[in-house]
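Following: one structure in structure tokens, then a few remarks.
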Amino acid sequence: YYFLMCLMIIIPIIEFLVVIFTYDGDAKYSNKLLVLAIPSISLVLILIWLFRIILQNIKSIKSQILQLELRMTLCQFIQSYAEKSKELKEHNKEGFEKFESLIFSSIVTSDDKIPNTLDGIESLTSLIKVVQKP
Numbered sequence: 040y041y042f043l044m045c046l047m048i049i050i051p052i053i054e055f056l057v058v059i060f061t062y063d064g065d066a067k068y069s070n071k072l073l074v075l076a077i078p079s080i081s082l083v084l085i086l087i088w089l090f091r092i093i094l095q096n097i098k099s100i101k102s103q104i105l106q107l108e109l110r111m112t113l114c115q116f117i118q119s120y121a122e123k124s125k126e127l128k129e130h131n132k133e134g135f136e137k138f139e140s141l142i143f144s145s146i147v148t149s150d151d152k153i154p155n156t157l158d159g160i161e162s163l164t165s166l167i168k169v170v171q172k173p
């Protein structure tokens with residue numbers, strides 16, 4: 040994306056340089072410069088805006104993938120959730136509730152709203168300790 044964006048910015052600059060260096064004081068060249076400048080500048084501004092939107096979408100998708108990977112790794116530690124959930128809730132209710140809220144929370148689209156990873160890790164370690172005690 041960056042290469043394409045740089046290419047779109049360089050082409051109008053080269054256009055301006057060609058027109059400026061071939062300008063010999065004739066009025067028709069100054070009009071030609073105006074005819075080239077307005078569409079080129081508007082094209083560059085529109086492309087920069089579109090690339091900004093694309094970049095935001097890419098960051099959002101990466102954030103969502105990160106959240107899904109976190110949830111998948113947390114779920115790997117829990118075996119037979121339906122069978123053990125009642126037993127685990129009795130031993131460590133607070134830690135298990137934090138773990139459940141992290142796993143079953145909705146996926147957010149931006150990095151700043153991601154649930155705190157340490158909450159999930161703390162509840163996971165307390166759950167592992169409870170499972171290992173019997």
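For this note's numbering, add 39 to where a residue sits in the sequence shown, where the first one is 1.
Cβ atoms here follow ideal geometry from the backbone N, Cα and C, with glycine treated the same way.
Because the structure is a prediction, the values reported are computed rather than measured.
{"Asked": "With H, G and I counted as helix, E and B as strand and the rest as coil, what does DSSP make of F138?", "Found": "helix"}
{"Asked": "Would you call the CB atoms of V74 and M47 closer than 9 angstroms?", "Found": "no"}
{"Asked": "With a threshold of 16 other CB atoms inside 10 Å of the CB of K98, please say whether the residue is buried or exposed.", "Found": "exposed"}
{"Asked": "From S132 to L107, what does the alpha carbon distance come to, in whole angstroms?", "Found": "Checking the displayed sequence, the identity of residue 132 turns out to be Lys instead of Ser. Distance between the alpha carbons of K132 and L107: 24 angstroms."}
{"Asked": "Exposed or buried, which one is T156 when buried takes at least 16 other CB atoms within 10 Å?", "Found": "Any answer about T156 is weak, because its pLDDT of 47 lies below 50 and its placement is not dependable; what the coordinates show is given next. Burial call: exposed."}
{"Asked": "DSSP three-state call for F55: helix, strand or coil?", "Found": "helix"}
{"Asked": "Please tell me whether S79 and I49 are closer than 9 angstroms, where the distance is taken between their beta carbons.", "Found": "no"}
{"Asked": "Could you tell me the distance, in whole angstroms, from the CA atom of T61 to the CA atom of I92?", "Found": "37 angstroms"}
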